[in-house]
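Heads up: the structure comes next, in structure tokens.
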Amino acid sequence: MKLVRRSRRGLIAPDLPRASRAAVRGGILGNFVDQFDIFLPVVALGPALPSLAGRSAVGATAAYVVMATLIGRPLGAIIFGRISDTYGRTATTRLAIAGTAACTLGIALVPTHQQIGLWAIGLVIALRFLGGIFLAGEYTSAIPLAMEWSRPRERGKGSGLIMAMSPSAQATIALVTLLLLALLGPQSYADWGWRLSFLLGAVASVGMLVYYSLRVADAPIQHRQSQAEGPRAGLADVLFGHWAAAFWQIFGLMTGLWIMTNLTVIVLAQRLTSDLHLSASGVALAMAIASVGQAIVMALAGHWSTLLGRRRFFVVWGLAGLIGGPVLWWWILGSAPSAVAAGVGAAVLQIVTVTAYGPIGAYINERFPTVVRATAYGTAYSLSIVGPALYPYYLPTLERWLGHQGAPVGLLALGAVLVAGCGALGPRLSPAEIDTDLDRLAAKA
7 MKLVRRSRRG LIAPDLPRAS RAAVRGGILG NFVDQFDIFL PVVALGPALP SLAGRSAVGA
67 TAAYVVMATL IGRPLGAIIF GRISDTYGRT ATTRLAIAGT AACTLGIALV PTHQQIGLWA
127 IGLVIALRFL GGIFLAGEYT SAIPLAMEWS RPRERGKGSG LIMAMSPSAQ ATIALVTLLL
187 LALLGPQSYA DWGWRLSFLL GAVASVGMLV YYSLRVADAP IQHRQSQAEG PRAGLADVLF
247 GHWAAAFWQI FGLMTGLWIM TNLTVIVLAQ RLTSDLHLSA SGVALAMAIA SVGQAIVMAL
307 AGHWSTLLGR RRFFVVWGLA GLIGGPVLWW WILGSAPSAV AAGVGAAVLQ IVTVTAYGPI
367 GAYINERFPT VVRATAYGTA YSLSIVGPAL YPYYLPTLER WLGHQGAPVG LLALGAVLVA
427 GCGALGPRLS PAEIDTDLDR LAAKA
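Count along the sequence shown from 1, add 6, and you get the number used in the working numbering.
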């Protein structure tokens, strides 16, 4: 792509406004679809597990379905990150979206436990694992693409909007599940109604595939890199070479965020049933309220990080989570009088903890050059999932040591310390410092 003029914000292409909006819009909408597919099993699949796994295996399989996606994502990030850095962001995004659509549609068509026995839940877990690989490929390419098209001072704002799609998708899933339960009744929903949510996810993925095929192109910085000569860097350079210090600092920060996410989204939803004895509709309502509050603040948090500086933002938010997270957890599961009150409490809990994701899309992409940006972004974002995703194995042991509520409270505190501590180890990235080209910023940082 030929660059024809220069502004005070840097080199831009003649069609930058339209292309930039298309890429950022694709990052926002695409991440909504990604997160919709990722979190479907947390709420939408729960009431249907007896028809897929049999009533005796519901408790064990619920966690395995979620873990399958979370563990598949690091593999997808490694595979598709390398493809994206080598062959371009847009083509890689389209390939990943197509795979995601196929896997989500496959789950919607899985036979029941009564028809094929344990093969039913086995197919769901296998498709969730494969879907996790493609989902990782999607955000590993689409979010770096959106950041590469964004103007420097707008990266934080764009990142906040992109990351806010995760709680927005959670709220949508909760509301769709609540509506289907009300319209169909619990039995019909468990028998077949849950499939409608997965069909909706597959259709949304197909829509994004069409959008990226017609509207989105690689950014000028990607074209510039593709024309550069010399050996290409790869995953080893990110993990153990030139960019290892930046990678492992971000890995620690992301580990803290994933710990808090699993607790405040997945474990909390389960505890609302087991501890507060809320109905499926009550849990869906509470988590919808929490997700809406989280989405609003997360969208703003990306821009706040530009005003504060990225390092100061993570330190402040980590300390807020360390103080507020444990207190709010105890109150929600010990004193909340209703589903609405639990939802409001969960919203505040998620705000002081996981809304620190707001600037992550900008922050990671600002730390690595174009030659390894997608590989570094996807791997840092996804590999850090693995340890926190294994909580079904170590949380029961921690509960025996620290108590039923003490264990999640302790993990919340650990996650907050990782966010504040690892955030403090990173570069300042003040407003003046981030106002530059991504490659120049990565070199300075």
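Even for Gly, the Cβ is constructed at its ideal location relative to N, Cα and C.
- For the set 448, 360 and 131, the Cα lying nearest the Cα of residue 259 is the one of 360.
- CA-CA distance, residue 333 to residue 211, rounds to 39 Å.
- Distances from the CA of residue 183 to each of 160, 223, 288 and 268 were compared; the closest alpha carbon is that of 288.
- Shown here for residue 319: same chain residues with a beta carbon closer than 7 Å to its own, the five before and five after excluded, namely 310, 311 and 365 in chain order.
- Rounded to whole angstroms, the separation of the alpha carbons of residue 139 and residue 370 is 20 Å.
- DSSP places residue 442 outside both helix and strand once states are collapsed to three, so it counts as coil.
- In this structure, the alpha-carbon of residue 172 lies about 6 Å from that of residue 38.
- Less than 9 Å divides the Cβ of residue 401 from the Cβ of residue 413.
- Where residue 197 is concerned, there is no enclosing alpha helix (DSSP H), because DSSP gives it neither an H nor an E.
- Following the DSSP letters along the chain, one finds residue 389 inside the alpha helix (DSSP H) bounded by residues 379 to 389.
- The beta strand (DSSP E) runs of length 3 or more contained entirely in the segment 307 to 369 do not exist; there are none.
- Assignment of residue 264 by DSSP, reduced to helix, strand and coil, places it in the helix class.
- Contact between the segment 48 to 58 and the segment 350 to 358 is absent, with fewer than three C-beta pairs closer than 8 Å.
- Between residue 243 and the set 378, 439, 86 and 397, the nearest pair of CA atoms involves 378.
- The Cβ atoms of residue 338 and residue 162 lie no closer than 9 Å to each other.
- In this structure, residue 261 places its C-beta atom within 9 Å of the C-beta atom of residue 421.
- The Cβ atoms of residue 32 and residue 152 lie closer than 9 Å to each other.
- Within the same chain, 171, 172 and 175 come within 6 Å of residue 41 by CB-CB distance, once the 5 residues on both sides are set aside.
- Contact between the segment 84 to 93 and the segment 382 to 399 is present: 3 or more CB-CB pairs across the two stretches fall below 8 Å.
- The residue from 299, 417 and 47 with its alpha-carbon nearest to that of residue 397 is 417.
- With contacts defined as CB atoms closer than 9 Å, residue 203 and residue 381 fail to qualify as a contacting pair.
- Rounded to the nearest whole angstrom, the C-alpha separation of residue 255 and residue 383 is 13 Å.
- Excluding the 5 residues flanking it on each side, residue 177 has same chain C-beta neighbours closer than 6 Å at 294, 297 and 298, in chain order.
- Bounds of the alpha helix (DSSP H) holding residue 398 are 397 to 408.
- Residue 155 and residue 252 have their C-alpha atoms some 23 Å from each other.
- Going by C-alpha positions, residue 343 is about 20 Å away from residue 180.
- Judged by beta-carbon spacing, residue 198 lies beyond the 9 Å limit of residue 394, meaning their Cβ atoms are not closer than that value.
- Bounds of the alpha helix (DSSP H) holding residue 119 are 119 to 122.
- Annotation for residue 147: 86, 90, 95, 98, 99, 102 and 380 place their beta carbon closer than 7 Å to its own, counting only its chain and skipping 5 residues before and after.
- The alpha-carbon separation between residue 149 and residue 367 amounts to approximately 7 Å.
- A direct Cα-Cα distance of roughly 39 Å separates residue 112 from residue 406.
- Contact between residue 195 and residue 131 fails: their C-beta atoms lie close to 21 Å from each other, not under 8 Å.
- Shown here, residue 411 sits in coil according to DSSP, grouped into three states, outside any helix or strand.
- Between the alpha carbons of residue 450 and residue 427 lies a distance of about 21 Å.
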